[in-house]
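Below you'll find the structure, written out as structure tokens, and then a few comments.
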Amino acid sequence: MILLLALAAGCGTVSNDPFNDDADFLAALPTEDQQTLRFGEDTTAEAARGIGERAELVELSIAVATTVNGFVFGVLDLLEGVRGLPPASRTEDGRRWGPAELDCNVDGSLLMSREAAVYDWSVVGHQAGEETDATVLYGTHFGGASVKAGDGVFVWDHSRWSAWCGADEGGIVSVAYDNREGVDLLVSLEDFFRSGEAPADRDYAYRHTDAEGDFEYRTEADLDDSGTPANVEVRDRWVPGVGGRSDAQVSGGRFGDEVWVWSQCWGATGALVYEVDNLGLVEEAGAGSECVYAEAAGLERI
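Each residue of the sequence shown is one higher than the last, beginning at 34 in my numbering.
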């Protein structure tokens, strides 16, 4: 359970340099450069098919990464709505921002407490007519060599926010991250649904450094144009500025218990250089020697 300080305006003793101290608290919060998936930055926007054009599995992964980033951007927008103001109150090891008027007529506040290099934080809020605050977002950050260069987790109560906004969707989104070397994320959606969908659990793993990238996920897609979505597991590995390889394992739908293994290798801009599968559903094309990674790889982290 996250333990948070109740901060009263004007109470407590602050450091001799409260503004630098404010920066330390803010550095413990999620940011776009550390908590989003940058897979698409290593590819082009071409939509045509075939050798020399962008690989279909690259396009699928960009679409999935864009969806996942949508949740993170929602969190960042919510935080920005309250942390953009000066703190309403400070103590030596605590801060409170807000209340501020957020979307969906919600008055929200950001609460933070610190013990050594551990920062606990939450966003709480209520709508007009509600007497008590509810927590819609919370997290814990463990500082490393610097406050930002650490690791932690944050949790978004999408059901609570959707209820405030009158949206027919919900679930819990949690993001475990490690900022100590590049970007390393594990994103989990628990009982997540949109209008008309059955709740489902979904997991994504993403790692990106200057030397290498790795993205893996499960989804449903009609990859063979049969009109029937199948279960798809994808592993993307790449060297930024050089190229990469996408390996998909497809089952269910028209495949039943059979597993279709489909691999595509691509160059620095996502252009297809080699393609092969185990069922002969695609014509082998290009040269395997062009692959940055010679061997196929399945999921390992989710």
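Where is the CB? At the ideal position from N, CA and C, for every residue including glycine.
Can you give me the Cβ contacts of residue i inside the same chain, cut-off strictly under 8 angstroms, excluding the 5 residues immediately before and after it?
i: T168; result: S155, V156, V157, D190, R193
i: D290; result: S284
i: I335; result: L219, D236, Y237, A238, E249, Y250, R251
i: V315; result: W295, E308, V309
i: A327; result: G321
i: L112; result: L62, P63, L143, V156, L170
i: F226; result: E202, G203, G204, P232, A233
In terms of residue numbering, what span does the beta strand (DSSP E) encompassing residue i cover?
i: V267; result: 263 to 272
i: G158; result: 151 to 160
i: G276; result: 276 to 284
i: Y171; result: 167 to 175
i: S207; result: 203 to 211
i: S259; result: That residue, S259, is in no beta strand (DSSP E); it is neither H nor E in DSSP.
Going by CA-CA distance only, name the one from the options that's closest to residue i.
i: A56; options: E230, E92, P119; result: P119
i: A61; options: F104, A301, S179; result: S179
i: V216; options: W197, Q68, P63, A244; result: Q68
i: A98; options: L222, S221, L70; result: L70
i: F58; options: A281, G172, G319; result: G172
i: V325; options: W293, W271, E308; result: W271
i: S228; options: E202, L109, E249; result: E202
i: T124; options: L135, T261, L144, L111; result: L144
i: R116; options: G141, F225, Y307; result: G141
i: L109; options: D66, R87, A182, E148; result: D66
i: G331; options: R287, A233, S279; result: S279
i: R268; options: V91, G85, R87, E86; result: V91
i: G85; options: I335, E308, E333; result: E308
i: D258; options: R287, R235, T242; result: R287
i: A304; options: P63, A88, E74, F72; result: A88
i: Y210; options: R240, L222, A231, W197; result: R240
i: V186; options: E214, P63, A244; result: P63
i: D247; options: E333, V188, L312, A263; result: E333
i: G321; options: L312, C298, T242, L314; result: C298
i: D243; options: P273, E164, E113, G107; result: P273
i: L93; options: A254, N311, N264; result: A254
i: G107; options: V188, D54, E163; result: V188
i: V208; options: N311, E148, G103; result: G103
i: E245; options: E214, G260, F226; result: E214
For residue i, which residues in the same chain have their Cβ closer than 7 angstroms to its Cβ, ignoring the five residues on either side in sequence?
i: A161; result: N138
i: V101; result: L70, V220, Y237
i: G300; result: G276, V306
i: K181; result: A60, N212
i: L222; result: G204, V206, D234, R235
i: W130; result: V115, R116, L118, P120, A121, S142, L143
i: A42; result: Reliability of the predicted coordinates at A42 is poor, the pLDDT of 33 falling under 50, and no value is obtained from them.
i: H174; result: A61, Y152, G183, G185
i: W197; result: C137, V139, Q160
i: I35; result: Its pLDDT being 35, under 50, I35 is placed unreliably in this model, and the value from its coordinates should be taken loosely. Taken in chain order, the residues that qualify are D153, S155, Y171, T173.
i: T165; result: H159
Residue range of the alpha helix (DSSP H) that residue i falls in?
i: C198; result: 191 to 198
i: I335; result: No alpha helix (DSSP H) contains I335, which DSSP labels as neither H nor E.
i: D110; result: 89 to 116
Going by DSSP, name the residue or residues bridged to residue i.
i: T252; result: V265
i: Q68; result: The partner list for Q68 (beta bridge, DSSP) is empty, contrary to what the question assumes.
i: A238; result: L219, E249
i: L305; result: W299
i: T124; result: G127
i: F58; result: Paired residues: none, contrary to the question.
i: L143; result: W130, V156
i: E148; result: V151
i: D184; result: F175, D211
i: G319; result: Y307
i: A233; result: F225
i: V16; result: Absent from the structure is residue 16, since the part of the chain shown begins at 34 and ends at 335.
i: L135; result: V139
Under 6 angstroms Cβ to Cβ from residue i, same chain only, skipping five residues before and after it: list those, please.
i: Q282; result: E266, V292, V294
i: V105; result: Q68, T69
i: A150; result: G176
i: D136; result: none
i: A329; result: D280, S296
i: D224; result: G204, P232
i: P132; result: D140, S142
i: A318; result: I84, E308
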